[in-house]
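Colleague: After the structure tokens below, expect a handful of questions from me.
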Amino acid sequence: MSTGAGLVRPEVTPADAVLIAHECYGIDAEATELGSNQDRNFVLVEPDGTRSVLRVDNPVFGDDARDAQHLAIEAYRRAGVRVPAVLPGLDGLLTQRWGGFAVRRSEFADGEELVDAGYLAPVVLAEFGALAAASVNALASLEHPGLDREQMWDMRVAHEQVRVLATSIGEPVLRRRVLTAADEAHAALSRVAEALPVQPIHGDLTDDNVMGMRGPDARLHPHTVLDLGDLGLGWRVAELAVCASSMLHHEPDRPLRALDTIGAFHADAPLSRDESLAVWPLIVLRAALLVASGWRQLEIDGDNEYARERIAGEQAIFDAATAVPLVEATEHVLARLGVEAREFDAPGLPGDVLGFLPDVSGPLRVIDAGVEADALDAGRWTAPDAEALLIEKAFDDGARVAVMPYGVFRLTRTSLDTADAAATWPVETELHIAPGPSSRLLAPVAGDMSVGGDRVRIATHDGWVVEMRATELEPVRSAAVEAGENIGKLAASFETRTIVLAVRRGDALDQEAIVGGSRLVTPERVAAWARLSADPAPLLGLASLARPDESAAELRRREVIFAEAQERYYEHPPQIERGWRHHLIDTTGRSHIDMVNNVAGLGHGHPAIAAAADRQLRTLATNSRFLFRDLAEYSERLIALMPQGSGLDTVLLVNSGSEAVDLALRLAQAATGRRTVVALREAYHGWTMASDAVTTSAYDNPHALESRPDWVHVADVPNPFRGTYRGDGAAEGYLADLDDDLDALAGEGRDVAAFLCESVLGNAGGVLLPEGYLAGAYDRVRARGGLCIADEVQVGFGRMGSTFWGFEQAGAVPDIVTIAKPMGNGFPIGGVITSKRIADALSSQGQFFSSAGGSTLSCRIGLAVLDAMIEDDVQRNALEIGSRLADGLRELADRHPLVGPVHGAGLYLGVELVRDRETLEPAAAEAAAICERLRELGVIVLTTSERSNVLKVKPPLCLTAESADHVVAMLDRVLTEGW
Numbered sequence: 001m002s003t004g005a006g007l008v009r010p011e012v013t014p015a016d017a018v019l020i021a022h023e024c025y026g027i028d029a030e031a032t033e034l035g036s037n038q039d040r041n042f043v044l045v046e047p048d049g050t051r052s053v054l055r056v057d058n059p060v061f062g063d064d065a066r067d068a069q070h071l072a073i074e075a076y077r078r079a080g081v082r083v084p085a086v087l088p089g090l091d092g093l094l095t096q097r098w099g100g101f102a103v104r105r106s107e108f109a110d111g112e113e114l115v116d117a118g119y120l121a122p123v124v125l126a127e128f129g130a131l132a133a134a135s136v137n138a139l140a141s142l143e144h145p146g147l148d149r150e151q152m153w154d155m156r157v158a159h160e161q162v163r164v165l166a167t168s169i170g171e172p173v174l175r176r177r178v179l180t181a182a183d184e185a186h187a188a189l190s191r192v193a194e195a196l197p198v199q200p201i202h203g204d205l206t207d208d209n210v211m212g213m214r215g216p217d218a219r220l221h222p223h224t225v226l227d228l229g230d231l232g233l234g235w236r237v238a239e240l241a242v243c244a245s246s247m248l249h250h251e252p253d254r255p256l257r258a259l260d261t262i263g264a265f266h267a268d269a270p271l272s273r274d275e276s277l278a279v280w281p282l283i284v285l286r287a288a289l290l291v292a293s294g295w296r297q298l299e300i301d302g303d304n305e306y307a308r309e310r311i312a313g314e315q316a317i318f319d320a321a322t323a324v325p326l327v328e329a330t331e332h333v334l335a336r337l338g339v340e341a342r343e344f345d346a347p348g349l350p351g352d353v354l355g356f357l358p359d360v361s362g363p364l365r366v367i368d369a370g371v372e373a374d375a376l377d378a379g380r381w382t383a384p385d386a387e388a389l390l391i392e393k394a395f396d397d398g399a400r401v402a403v404m405p406y407g408v409f410r411l412t413r414t415s416l417d418t419a420d421a422a423a424t425w426p427v428e429t430e431l432h433i434a435p436g437p438s439s440r441l442l443a444p445v446a447g448d449m450s451v452g453g454d455r456v457r458i459a460t461h462d463g464w465v466v467e468m469r470a471t472e473l474e475p476v477r478s479a480a481v482e483a484g485e486n487i488g489k490l491a492a493s494f495e496t497r498t499i500v501l502a503v504r505r506g507d508a509l510d511q512e513a514i515v516g517g518s519r520l521v522t523p524e525r526v527a528a529w530a531r532l533s534a535d536p537a538p539l540l541g542l543a544s545l546a547r548p549d550e551s552a553a554e555l556r557r558r559e560v561i562f563a564e565a566q567e568r569y570y571e572h573p574p575q576i577e578r579g580w581r582h583h584l585i586d587t588t589g590r591s592h593i594d595m596v597n598n599v600a601g602l603g604h605g606h607p608a609i610a611a612a613a614d615r616q617l618r619t620l621a622t623n624s625r626f627l628f629r630d631l632a633e634y635s636e637r638l639i640a641l642m643p644q645g646s647g648l649d650t651v652l653l654v655n656s657g658s659e660a661v662d663l664a665l666r667l668a669q670a671a672t673g674r675r676t677v678v679a680l681r682e683a684y685h686g687w688t689m690a691s692d693a694v695t696t697s698a699y700d701n702p703h704a705l706e707s708r709p710d711w712v713h714v715a716d717v718p719n720p721f722r723g724t725y726r727g728d729g730a731a732e733g734y735l736a737d738l739d740d741d742l743d744a745l746a747g748e749g750r751d752v753a754a755f756l757c758e759s760v761l762g763n764a765g766g767v768l769l770p771e772g773y774l775a776g777a778y779d780r781v782r783a784r785g786g787l788c789i790a791d792e793v794q795v796g797f798g799r800m801g802s803t804f805w806g807f808e809q810a811g812a813v814p815d816i817v818t819i820a821k822p823m824g825n826g827f828p829i830g831g832v833i834t835s836k837r838i839a840d841a842l843s844s845q846g847q848f849f850s851s852a853g854g855s856t857l858s859c860r861i862g863l864a865v866l867d868a869m870i871e872d873d874v875q876r877n878a879l880e881i882g883s884r885l886a887d888g889l890r891e892l893a894d895r896h897p898l899v900g901p902v903h904g905a906g907l908y909l910g911v912e913l914v915r916d917r918e919t920l921e922p923a924a925a926e927a928a929a930i931c932e933r934l935r936e937l938g939v940i941v942l943t944t945s946e947r948s949n950v951l952k953v954k955p956p957l958c959l960t961a962e963s964a965d966h967v968v969a970m971l972d973r974v975l976t977e978g979w
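If you're matching positions, the sequence shown starts at 1 in our numbering and goes up one per residue.
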């Protein structure tokens with residue numbers, strides 16, 4: 001092995017490659033060089049377009065190594081691992097000789113390079129892990145003398161190689177970092193090295209040696225394995241480590257995403273405990289070797305542009321590999337693979353309140369600052385002093401000790417409008433002790449005590465460290481202590497005293513102490529810190545309240561009881577348990593900007609709505625057949641929102657939009673004595689029997705058009721962007737077609753009873769109707785004796801910004817209006833507003849009644865919503881923020897070809913994604929993947945439209961400018977980095 005020497009590439013030019021192709025393989029071809037650190041690779045293109053790859057090996061590699069590679073290719077192919085075949089020369093041999101060099105030619109691997117692909121989705125990271133597992137499984141039984149060779153990329157000698165090559169690193173600070181990291185990784189690895197299985201491995205199964213292919217989800221997936229030049233014997237786990245390390249630079253700020261690769265490998269090629277312990281040290285060593293060898297390669301081969309281009313990526317891999325402390329990263333691996341963790345077991349000292357502070361008196365109260373804490377309702381958690389107020393309240397209620405517990409995700413630490421989650425999980429416990437006299441301080445456990453500044457540590461004999469921090473602690477000198485032994489005192493004070501109590505493993509990172517509070521970690525780090533630390537609750541005589549992220553278990557629970565037809569959002573959904581205004585908070589305290597919940601028009605957790613519901617539930621719960629004030633008052637308020645002189649003077653209340661549409665259809669049929677309803681193609685109106693009958697969206701029901709009942713006629717949808725008629729003046733063509741439809745129906749004896757249309761095409765993503773269409777359609781239907789129904793369930797109630805109702809955008813007035821979603825701000829309220837003449841026609845079919853529609857509770861909540869809409873001025877906000885948001889989204893189209901038009905108005909918008917702006921090919925798969933990536937970055941947005949290629953934007957109407965700007969920035973980031 002040429003330890004630390006590096007390798008200079010063979011002196012072979014593209015012109016030489018052309019000669020080799022002709023002389024050795026009998027083909028005429030043009031040659032273009034590909035990059036390599038130590039060999040020469042060329043793409044050969046024949047006149048008919050046939051491509052192949054010519055490889056000129058570095059002379060250091062012998063025929064045994066090449067023969068072993070050929071056997072490995074056969075093993076891969078038997079196992080189903082895609083790999084290009086080696087093509088024989090004119091003499092039938094796989095290895096040719098030219099100019100003293102060994103030459104081989106292989107099939108060309110179609111696809112795209114993955115190394116520069118940017119962001120890789122979790123499914124892609126997992127596929128790399130599965131590919132690495134398939135590699136070791138395929139090669140496990142391979143035997144050949146050419147496998148047992150010395151080479152610098154053998155991870156068994158990586159530390160030695162780094163020590164030698166690091167002298168070439170020209171930046172002293174970087175050189176020290178590389179050497180320090182390599183030494184630490186080597187020390188960790190040396191403890192398990194002898195137990196690591198050795199077998200044939202690819203040795204360089206990275207994103208640079210795997211070609212990708214686009215899948216149905218439009219993502220780039222690993223497909224074909226390339227370049228077996230580093231094939232040889234090595235640690236089996238090194239195959240995984242090398243592969244996982246190459247994932248790091250795709251999102252270097254989040255190195256723990258490589259756990260998806262590690263977990264997938266383990267699923268198909270289970271790792272032993274020793275191998276699990278070796279994974280991250282090997283990742284660090286690989287990263288260090290990449291940096292050191294990259295600098296060395298440029299030192300000896302300065303013209304190697306391939307090596308020069310790779311320097312930045314290799315640096316990013318190293319930075320990511322070392323961003324998380326090695327001990328912590330290793331625990332993340334063990335947690336992901338299900339390796340059992342060590343337990344802390346130490347009973348607390350007996351005592352009335354705190355055993356180790358026996359003179360502290362009074363009640364103890366555990367503070368709940370968690371995501372679901374009642375005390376943090378109405379946005380109180382957003383106050384900078386929220387935790388101090390909780391402690392103060394506990395003292396006011398008589399507590400003398402307030403405990404902020406370990407392991408409970410704190411809502412009080414949640415950050416808003418950020419791409420990254422905040423540190424919300426405390427790895428320590430805080431004891432806030434009311435002002436009072438001093439107390440003896442007893443050792444909570446036995447062990448070796450050390451004193452430093454405001455900190456007392458006791459190292460137990462089973463590898464744990466118990467730490468206490470407080471400015472008021474007055475400990476004695478360092479010494480061995482027994483549990484319960486007097487070790488000092490807590491000083492008297494006229495102020496609240498805060499003791500931080502921590503239990504951590506002796507090998508855990510010694511984090512910088514925080515004065516007056518506990519250390520916290522981000523949700524993605526909890527898995528490791530739940531192993532590196534322990535809950536001090538037993539030392540306090542308390543039950544543990546620590547909770548991990550339980551979203552995966554909750555998903556499994558739901559899947560057991562849900563029917564196949566019941567939808568859920570996202571591949572890996574967060575568990576949402578709180579909302580505030582236009583933010584959703586998951587159980588880890590991670591906030592997400594809610595861009596889809598138009599049901600919560602005022603925003604989540606609105607105090608006035610909660611108060612109204614609470615008061616009504618404490619006073620009266622009955623239905624609309626009883627006489628009470630709120631029913632008439634609410635109905636009058638709704639009627640007052642209709643255009644003056646509209647004649648819409650009667651309200652019928654139900655529970656949902658589906659019921660509202662159902663009732664509207666019955667009203668129209670009863671009032672006209674006809675049955676036929678004209679509905680537009682690509683529409684969604686509900687799930688009841690009647691509202692589903694007029695739902696024509698193939699997205700919601702692939703068989704919608706061919707399964708409509710005979711009383712439903714489907715008319716063309718007037719989409720001016722991708723419909724039958726497009727652009728300015730499109731209304732004329734659609735109206736002419738509607739005339740033809742209505743005439744044909746009349747000719748068949750099926751005169752129209754009603755024309756049903758969303759005032760803005762909400763299901764299409766907020767597409768505005770062509771100018772003049774709605775008024776023209778209403779005129780034509782009424783001229784034939786029909787009634788016009790405006791479905792305002794999604795687009796009404798101030799969402800348009802410039803108008804309260806969607807139909808006002810078109811200057812048209814319907815005969816019947818259906819409303820629902822935002823009426824109750826999350827409480828189920830729906831309604832129909834029409835004229836008394838039309839409403840009275842229903843009496844011919846019997847009495848109308850809805851148990852909850854028009855109930856005391858729904859009316860009280862409905863009134864509170866209307867009051868709050870005025871108080872919060874949400875319609876004006878929809879206009880101003882909607883305009884700002886739309887401008888930002890449209891600006892993205894200037895830089896990202898995938899972005900088509902931005903539909904809609906106010907805060908009902910749709911971002912249409914297209915693969916080609918001329919053909920308008922829908923980018924449906926891209927849209928779905930983009931939504932997944934946006935969720936990772938804290939933005940909840942989903943797809944809509946018949947083609948599912950439109951990002952629907954219908955947030956609570958309280959959306960702020962800051963959040964709107966952040967959404968645009970995150971979409972820009974995803975479109976730039978990938979999804």
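Glycine included, C-beta positions come from ideal geometry on N, C-alpha and C. Note that the coordinates shown come from a computational prediction; the quantities given were computed from them, not determined experimentally.
Tell me the rounded alpha-carbon separation between Asn949 and Ala928.
Modeller: 8 Å
Colleague: I need the straight-line Cα distance from Ala775 to Arg876, nearest angstrom please.
Modeller: 26 Å
Colleague: Would you mind working out which of Asp743, Arg336, Ala264 and Ile829 sits nearest Ala528, comparing C-alpha positions?
Modeller: Arg336
Colleague: For Thr180, does the count of other Cβ atoms within 10 angstroms reach 16, so buried, or fall short, so exposed?
Modeller: exposed
Colleague: Considering Cα atoms alone, identify which of Ala537, Val465 and Met595 is closest to Val939.
Modeller: Met595
Colleague: Could you tell me which residues DSSP pairs with Trp580 in its beta bridges?
Modeller: His583
Colleague: For Thr982, list the residues DSSP reports as bridge partners.
Modeller: Because residue 982 is not part of the residues shown, which for the chain are 1 to 979, the question remains open.
Colleague: Just confirm the distance between the C-beta atoms of Glu524 and Leu256, as a whole number of angstroms; I'd bet it's less than 8 Å.
Modeller: 5 Å
Colleague: Does Ser624 pass the burial test, meaning 16 or more other C-beta atoms within 10 Å, or should it be called exposed?
Modeller: Here Ser624 is buried: its Cβ has 16 or more other Cβ atoms, across all protein chains shown, within 10 Å.
Colleague: If you follow the alpha helix (DSSP H) that Arg558 is in, where does it begin and where does it stop?
Modeller: Ser551 to Ile561
Colleague: Relative to the alpha-carbon of Met152, which residue among Val45, Ser293, Leu240 and Ser36 has its alpha-carbon at the smallest distance?
Modeller: Ser293
Colleague: Sorted by chain position, which residues of the same chain lie with C-beta nearer than 6 Å to Ala693's C-beta, five sequence neighbours on each side aside?
Modeller: Pro709 and Val712
Colleague: Do Gly798 and Phe804 have their beta-carbon atoms positioned less than 8 Å apart in this structure?
Modeller: yes
Colleague: Pairing CB atoms from the segment 573-588 with CB atoms from the segment 390-401, are three or more of them under 8 Å?
Modeller: no
Colleague: Return yes when the Cβ of Glu112 is within less than 8 Å of the Cβ of Gly212, no when it is not.
Modeller: yes
Colleague: If you measure between the beta carbons of His833 and Met642, is that distance less than 8 Å?
Modeller: Residue identity differs from the one stated: residue 833 is Ile in this sequence, not His. Going by C-beta atoms, Ile833 is nearer than 8 Å to Met642.
Colleague: Who pairs with Arg105 in a beta bridge, going by DSSP?
Modeller: Leu54 and Leu87.
Colleague: Inspect the beta-carbon positions of Asn41 and Val53 and report whether they are closer than 8 Å.
Modeller: yes
Colleague: Would you call Gly49 buried or exposed, if buried means 16 or more other Cβ atoms sit within 10 Å of its Cβ?
Modeller: Answer is exposed; the Cβ neighbour count stays below 16.
Colleague: Note down the Cα distance separating Phe721 from Thr650, rounded to an integer number of angstroms.
Modeller: 37 Å
Colleague: At the level of alpha carbons, what is the spacing between Gly484 and His461?
Modeller: 16 Å
Colleague: Starting from Ala480 and walking both ways along the beta strand (DSSP E), at which residues does that stretch end?
Modeller: Ala479 to Val481
Colleague: Compute the Euclidean distance between the alpha carbons of Leu959 and Pro84, then round it to the nearest angstrom.
Modeller: Looking at the backbone, the Cα of Leu959 and that of Pro84 are separated by about 53 Å.
Colleague: If you reduce the DSSP assignment to three classes, tell me which class Asn877 lands in.
Modeller: helix
Colleague: Straight-line CA distance for Ser2 to Val157?
Modeller: With a pLDDT of only 45 at Ser2, under 50, the local geometry of the prediction cannot be trusted, and no value is derived from it.
Colleague: Is it true that the segment 88-102 meets the segment 234-246, where meeting means three or more beta-carbon pairs spaced less than 8 Å apart?
Modeller: No: the two stretches stay apart, fewer than three of their Cβ pairs being nearer than 8 Å.
Colleague: Count the other C-beta atoms from every protein chain shown that fall within 10 angstroms of the C-beta of Val560, then say buried if there are 16 or more, exposed otherwise.
Modeller: exposed
Colleague: Are the Cβ atoms of Ala443 and Val481 separated by less than 8 Å?
Modeller: yes
Colleague: What's the C-alpha gap between Gly4 and Tyr306?
Modeller: Here the model assigns Gly4 a pLDDT of 44, short of 50, so the residue's position is not dependable and the matter cannot be decided.
Colleague: Please check the pair Arg82 and His223, which I expect to be a contact at CB under 8 Å, by giving their CB distance rounded to whole angstroms.
Modeller: Between His223 and Arg82 the Cβ distance is about 6 Å, and since that is below 8 Å, they are a contact.
Colleague: In chain order, what residues of the same chain have a beta carbon less than 6 Å from the beta carbon of Phe827, not counting five sequence neighbours either side?
Modeller: Ile861
Colleague: Could you give the distance in angstroms between the alpha-carbon of Asp208 and the alpha-carbon of Ser246?
Modeller: 8 Å
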